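A.B. asks: Residue numbers (my numbering): 193 to 660. So that we are looking at the same thing, I have put the structure below in structure tokens.
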Amino acid sequence: MAINTPPIAFGTDAPSSARGKQAGKARRPVPAPRPGLVTAAAAVVGVGLGATLALTITSETSSEFTGPGGVASFAGNLTGMAGSYLALVMVLLVSRIPFVEHVLGLDGLLRWHRRVAPWPISLLVAHAVLITIGYAQTAKTGTWHEVGTLLTRYPDMITAAVGLGLMCLAGVISIRAIRSRLRRETWWTVHLVMYLALAISFAHIIVLGPSFVGHPATQVVWSVAWAASAGLVLCYRVGLPVVRSIRHGLRVVEVRPEGPGVVSIVCSGRNLNRLAVSGGQFFCWRFLTRSHWWQAHPYSLSALPQPPYLRLTVKSVGDHSASLALLRPGTRVAVEGPYGTFTRHAQRHRRALLIAGGIGVTATRALLEDLPRAAQPVVLLRGTRQEDLVLREEVANLVRRRGGKLHELTGTREQQGLDEQSLPALVPDLLDRDIFVCGPEGFVADIVATARALGVPDEVIHYEAFAL
Ligand SMILES: Cc1cc2nc3c(=O)[nH]c(=O)nc-3n(C[C@H](O)[C@H](O)[C@H](O)COP(=O)(O)OP(=O)(O)OC[C@H]3O[C@@H](n4cnc5c(N)ncnc54)[C@H](O)[C@@H]3O)c2cc1C
């Protein structure tokens with residue numbers, strides 16, 4: 193492991209001024225989330241769905257509907273339009289539009305994306321089946337014969353059929369039981385075919401859809417909506433990360449061991465005072481070495497930025513996280529983010545309880561540094577052994593300065609579980625505090641369940657589970 197002289201101590205609160213050229217410049221404030229905007233955007237999406245369905249219904253004549261195959265064809269058109277519209281929504285949900293991400297968080301957006309995804313896929317499969325049946329009834333021929341006719345005589349149908357096949361493939365590999373058996377990178381790469389599927393299916397809707405044929409204005413609106421969605425994806429998932437990475441020019445300056453299997457990576461960069469980031473947020477980090485450049489993994493900042501430095505702290509759990517201990521100083525770093533709603537903006541009460549399970553201490557420590565001093569934080573650090581409580585001295589310092597209380601809980605889950613008896617015993621004013629919990633998925637789920645069982649309302653339970 194290549195280790196330099198520590199360039200800066202992250203042990204205390206980020207100073208209002210730091211060293212070097214960026215010294216004395218105030219950090220850029222993070223815009224507060226604006227839930228009203230997201231509600232308005234959701235209303236626009238709802239109106240769009242209503243308009244799409246209304247357009248399909250009104251473009252159907254009564255003679256078409258009552259004629260042979262009319263009902264199946266109509267149902268096919270309706271499912272096709274609804275499915276295409278929901279596919280657009282599914283794309284928008286992963287475009288990471290900042291004002292939406294600030295409210296829902298990346299995990300929230302992905303949750304919605306997963307909830308919505310089965311609908312467009314099922315509706316588009318239903319569309320293909322119903323249209324084939326409807327057209328076969330109209331032509332008074334067999335369904336399989338009609339499949340051949342559709343594929344050979346109608347424009348853009350072969351690409352649409354391939355698109356539907358790819359969509360189904362992306363859907364199948366995303367079923368939890370199948371996805372969990374695949375390497376994350378394999379799943380992610382195959383799952384990208386969804387974009388290709390949508391792109392190649394687009395033409396047949398415009399050329400054949402009854403709502404579009406002979407309606408140039410509708411064609412324009414639909415095309416603009418899709419082009420704008422593609423633009424948003426490119427802008428926020430590709431353009432912004434590239435611009436941000438070039439602007440800050442991050443490089444690794446130090447890799448520092450923190451505990452068993454845990455290292456901190458300190459990066460330095462330009463203009464970090466202009467990077468708006470809250471304690472508790474994370475970036476997707478891409479270390480530009482031969483073996484790492486192609487994968488971006490999410491890691492939280494483990495301290496507020498101290499321009500020109502940023503720090504992340506990583507526990508080795510698999511090939512990527514383990515290999516980061518071998519990073520060399522000078523390695524270039526590209527970042528995407530910051531993301532996450534596990535921040536002081538979520539706070540409702542004046543006081544806060546912070547609970548970290550294992551490596552969840554990273555986001556917890558950065559959040560603690562960012563909380564107002566009046567938060568009088570109670571912090572619970574949970575680990576199997578004392579040496580697993582990495583960054584504990586930094587946390588202890590920050591707690592002391594805020595007049596808070598730190599509990600270090602070590603032992604197995606059975607010995608040191610946080611349950612409905614032990615949690616209120618440690619934190620008697622639990623119901624007057626926001627609860628911030630961070631760590632592995634199972635740990636977070638247990639604490640959230642315990643808090644709910646103790647009567648803590650959902651609005652004051654905030655969590656970051658280290659799984660997307
Ligand atoms: C919001 C968030 C913040 C995190 N912050 C930290 C942190 O500060 N310190 C830390 O040590 N760990 C953190 N993690 C966990 C870290 O991302 C994973 O441990 C790491 O990506 C594992 O990769 P691997 O190749 O070493 O292990 P693998 O064996 O490949 O993966 C282990 C598990 O990590 C998750 N994972 C792997 N790759 C990704 C990816 N590209 N995107 C999302 N999840 C992935 C999956 O759930 C997987 O099952 C965070 C995770 C999330 C979601």
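For each residue, glycine too, the CB sits at the ideal point set by N, CA and C. Note that the structure is predicted; figures quoted are calculated from it, not measured.
Between which two residues does the beta strand (DSSP E) containing T602 stretch?
C.D. replies: K597 to T602
A.B. asks: Using DSSP with H/G/I as helix, E/B as strand and the rest coil, what is E662?
C.D. replies: Given that the chain is displayed from residue 193 to residue 660, the structure contains no residue 662 and the question cannot be resolved.
A.B. asks: Quick check: does the Cβ of T505 come within less than 7 Å of any heavy atom belonging to ligand 1?
C.D. replies: Because some heavy atom of ligand 1 lies under 7 Å away, the Cβ of T505 counts as near it: yes.
A.B. asks: Using C-beta distances below 8 Å, list every residue in its chain close to H337, excluding the 5 sequence neighbours before and after it, in chain order.
C.D. replies: A328
A.B. asks: Please specify which runs of the beta strand (DSSP E), each continuous and at least 3 residues long, are wholly inside the stretch 385-466, giving them in chain order.
C.D. replies: 442-451 and 454-460
A.B. asks: In or out: T535 buried (at least 16 other Cβ within 10 Å) or exposed?
C.D. replies: buried
A.B. asks: If you count every other CB in all the chains shown that lies within 10 Å of the CB of G268, and 16 or more means buried, which is it?
C.D. replies: Per the 10 Å Cβ criterion, buried.
A.B. asks: If we count the other Cβ atoms within 10 Å of its Cβ and call it buried at 16 or more, is I370 buried or exposed?
C.D. replies: exposed
A.B. asks: Sorted by chain position, which residues of the same chain lie with C-beta nearer than 6 Å to V382's C-beta, five sequence neighbours on each side aside?
C.D. replies: Same-chain partners within the cutoff: I365.
A.B. asks: Using a C-beta cutoff of 8 Å, does G472 count as contacting chain C?
C.D. replies: Although the question refers to chain C, the structure presented lacks it and comprises just one protein chain.
A.B. asks: Three or more beta-carbon pairs under 8 Å between the stretch 437-449 and the stretch 414-426, yes or no?
C.D. replies: no
A.B. asks: Roughly how many angstroms separate the alpha carbons of R543 and I313, rounded to a whole number?
C.D. replies: 45 Å
A.B. asks: Could you tell me which of H294, P649 and R376 sits nearest to S470, measuring between CA atoms?
C.D. replies: Closest by C-alpha distance to S470, out of H294, P649 and R376, is H294.
A.B. asks: Ligand 1 and A488: does any heavy atom of the ligand fall closer than 7 Å to the residue's C-beta?
C.D. replies: yes
A.B. asks: So what does DSSP say about E561, is it helix, strand or coil?
C.D. replies: helix
A.B. asks: Cβ-heavy atom distance between R376 and ligand 1 below 7 Å?
C.D. replies: yes
A.B. asks: What residue range does the alpha helix (DSSP H) around Y346 cover?
C.D. replies: No residue range can be given for Y346, since it is assigned to no alpha helix (DSSP H) and is classified by DSSP as neither H nor E.
A.B. asks: Since S403 and S251 should fall inside the 8 Å C-beta cutoff, what is the C-beta to C-beta distance between them, to a whole number of angstroms?
C.D. replies: 5 Å
A.B. asks: Is there at least one non-hydrogen atom of ligand 1 closer than 7 Å to the beta-carbon of I693?
C.D. replies: Since the displayed the chain opens at 193 and closes at 660, residue 693 lies outside it and no answer follows.
A.B. asks: Should G595 go down as buried or exposed, given a rule of 16 or more other Cβ atoms within 10 Å for buried?
C.D. replies: exposed
A.B. asks: Assign G472 to one of three DSSP states: helix, strand, or coil.
C.D. replies: coil
A.B. asks: Name the residue from T351, L590 and P632 whose alpha carbon lies nearest to the alpha carbon of D205.
C.D. replies: L590
A.B. asks: Between which two residues does the alpha helix (DSSP H) carrying P616 extend?
C.D. replies: S614 to L618
A.B. asks: What's the gap between the Cα of S456 and the Cα of L504?
C.D. replies: 6 Å
A.B. asks: Is the number of C-beta pairs between the stretch 568-584 and the stretch 596-605 that are closer than 8 Å three or more?
C.D. replies: These segments touch.
A.B. asks: Could you check whether the Cβ of S470 sits closer than 7 Å to any heavy atom belonging to ligand 1?
C.D. replies: S470 Cβ: outside cutoff for every heavy atom of ligand 1.
A.B. asks: How is the beta strand (DSSP E) around I627 delimited, first residue to last?
C.D. replies: Per DSSP, I627 belongs to the beta strand (DSSP E) from R625 to G631.
A.B. asks: Are the beta-carbon atoms of L610 and I639 separated by less than 8 Å?
C.D. replies: yes
A.B. asks: Given this structure, state the Cα-to-Cα distance separating V636 from G552, to the nearest angstrom.
C.D. replies: 9 Å
A.B. asks: Going along the chain, which residues of its own chain have a beta-carbon closer than 6 Å to the beta-carbon of S515, five neighbours each way excluded?
C.D. replies: none
A.B. asks: Put A194 into one of helix, strand or coil per three-state DSSP.
C.D. replies: Below a pLDDT of 50, predicted positions are generally treated as unreliable, and A194, at 43, falls in that range; the measurement from the model is reported next regardless. In the structure shown, A194 sits in coil (DSSP, three-state: anything other than H, G, I, E or B).
A.B. asks: For F479, is the classification buried or exposed, using 16 other Cβ atoms within 10 angstroms of its Cβ as the cut-off for buried?
C.D. replies: If you draw a 10 Å sphere on the C-beta of F479, you find 16 or more other C-beta atoms in it, and that means buried.
A.B. asks: Please identify the residue among Q608, A538 and V587 whose C-alpha is closest to the C-alpha of G575.
C.D. replies: Q608
A.B. asks: For E656, which residues of its own chain have a beta-carbon under 6 Å away from its beta-carbon, when the five flanking residues on both sides are left out?
C.D. replies: F534, A555 and C630
A.B. asks: Applying the 10 Å Cβ sphere with the 16-neighbour rule, what's the burial state of I397?
C.D. replies: buried
A.B. asks: Could you check what DSSP says for T576 in three-state terms: helix, strand or coil?
C.D. replies: coil
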